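Note sheet for the following structure.
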Amino acid sequence: MAGKDFGAITVKKGSPIKSAKELEGKKVAVNTLKNINETAVRESVRKAGGDPSKVKFVELAFDQMPAALDSGQIDAAMVVEPALATVKGQGATEIASSLVDVAKDLTVAMYFTSTQYEQKNPDVVKKFQEATAESLAYADAHPDEVRQAVTTYTKIPAATLAQVTLPKWPAKANRASIEALEKLGEQDGLFKSTPDLDKLLP
Amino acid sequence: MRGANAALGAAGLAAFLALGEAVPRLGLVKEAYFPPTSRIADALGQEVTDHAFWTALGDTLTGWALGLAIAVGAGVVVGLLVSVVPHLREATASTIEFLRPIPSVALIPLAVLLYGTELRSVLLLVVYASFWQVLVQVLYGVQDVDPVAEETARSYGLGPWARVRHVLWPTALPYVMTGVRLAAAVALILAVTAELVIGAPGLGARIAVAETSQAVPDMYALVVVTGLLGLLINVGARTVERRALAWHQSVRGEVMV
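Below you can see the structure in the form of structure tokens.
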């Protein structure tokens, strides 16, 4: 299943690659090696019936992926917004929504604090949690205002911004999705010792 | 002669700008990644109407000026001290030669660990890079003191301070000025680099935001601004140099005997 997520594996317009399985032996760009995006691409390849160990991963900043994909330096790019909108504007095709392949409604980012800080400033942490929960719920309910707010601290051109697929802003971590990600990370040998979710999650 | 040179310079610049317009328009490079001059100029026009742009420019200039001032002050004081105190030059030479070639950008992780993403991080990199430029010039300058002049000053009973003031400093000043001019350019490079990589507020950070925002013409417009800034700084440094050395042969332009 591809499309309608804020991140995707994309291939250049007219590329012979039609599915994640065909990425075997191909050069795929991720923003950081061994991070959530590489893990997600591996899962997409696996789900499509391919062997992820045969994919050649290269590290490239998101904003440089459109040019690299366009000039043929890479065969596919795991790209997120707003570079995804640029890539699509060049006629590129999404072949997999990798973050969705990991888990439905995957939690991709969270705020963390140290145990020490939390013990010293329980009030601040509690208020921060409440405030972010409120703002996330508001953002989820008002996508148009989000697009407006984005213009105040980025320089995304209006034409690109209109095409950007916004993410979801859940106020609570989706534990099942993080467990799925953890399992994949373990499988790919990313951890020396498997993280203890009970300690990490609220 | 002067008018002709200025005209040639203007013509060269115009040709360069026209080339920048023509190359993407002719499809030799992709417009999406290398916009023609006119679109960069448009973006620049938009930039200068944005209040945040001027704040960023101010932040960059603050980092540059503070860093340069600290580096020049420290470079001159340390340079004179190292030259004047007996044996200190020999004792420090190997350390200086070891520290000097360390690229300032290699200290970025250290700067981030110590100061995070604020002005002090920028200052650390700027001062480290420009300090050596000044220090080394001061050391060379002091070495250049004419022994006869030095002996004459001693014979006339000039004390150590008076010799520094009337013999050493005038000899070293042209070198110091060269050091300051080099340091001024290096300081700008490091200020922008620090902002770009660390994300400290300033033009560099704004370039990074434009880049990640897929706002290509804006990014080039900001790059042009940093170029103009470098140009102004160099012209300014040369003017200061000429004023400070108005008495010196190299500026008076008289035939040397």
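Residue numbers (my numbering), protein chains in the order written: chain A, 24 to 225; chain B, 2 to 258. Backbone N, C-alpha and C fix where the C-beta goes; we use that ideal spot for every residue, glycine too. Predicted model, so just to flag it, every value in this text is computed and none were measured.
| Asked | Found |
| --- | --- |
| E202 (chain A) versus R69 (chain A) - alpha carbon distance | 18 Å |
| Interfacial residues, the stretch 178-209 of chain A to chain B, with Cβ spacing under 7 Å | K178, I179, P180 and T183 |
| Where T109 (chain A) meets chain B, residues with beta-carbon distance less than 7 Å | Q215 |
| Under 7 Å from the C-beta of A90 (chain A): neighbouring residues of chain B | Y34 |
| Cβ contact (3+ pairs, closer than 8 Å) linking the stretch 208-219 of chain B and the stretch 40-55 of chain B | yes |
| 8 Å Cβ cutoff, E212 (chain B) in contact with chain A | yes |
| Member of A:K150, A:P39, A:L207 and A:P193 whose CA lies at the smallest distance from the CA of A115 (chain A) | A:P39 |
| Straight-line Cα distance separating L220 (chain A) from F151 (chain A) | 21 Å |
| Within chain B, the residues that P105 (chain A) reaches when beta carbons sit closer than 7 Å | S214 and Q215 |
| Chain A within 8 Å of V258 (chain B), Cβ atoms only | Low confidence applies to V258 (chain B): its pLDDT is 47, below 50, so where it sits in the model is not reliable, and the reading given next is rough at best. So, not an interface residue. |
| Of the listed residues B:L18, B:I199 and B:F17, nearest to E119 (chain B) (C-alpha basis) | B:I199 |
| C-alpha distance - L233 (chain B) paired with P175 (chain B), whole-angstrom precision | 21 Å |
| Paired residues, beta bridge with T183 (chain A) - DSSP | DSSP output for T183 (chain A) lists no bridge partner at all. |
| 8 Å contact criterion, which M101 (chain A) and I32 (chain A) should meet: CB distance rounded | 5 Å |
| Residue from A:M133, A:T55, A:Q171 and A:E117 whose Cα sits closest to the Cα of D98 (chain A) | A:E117 |
| Distance CB(P225 (chain A))-CB(E205 (chain A)) smaller than 8 Å | no |
| Identified DSSP bridge partners for V103 (chain A) | A:G30 |
| Nearest-angstrom beta carbon gap, A209 (chain B) and S131 (chain B) [assumed within contact, 8 Å] | Not quite, the Cβ-Cβ distance comes to about 23 Å (not below 8 Å), so this is no contact. |
| D86 (chain A) at chain B interface by Cβ criterion, 8 Å | yes |
| Burial state of K111 (chain A), where buried means 16 or more other Cβ atoms lie within 10 Å | buried |
| First and last residue of the uninterrupted beta strand (DSSP E) at V83 (chain B) | Unbroken run through V83 (chain B) is the alpha helix (DSSP H), H52 to V85; no beta strand (DSSP E). |
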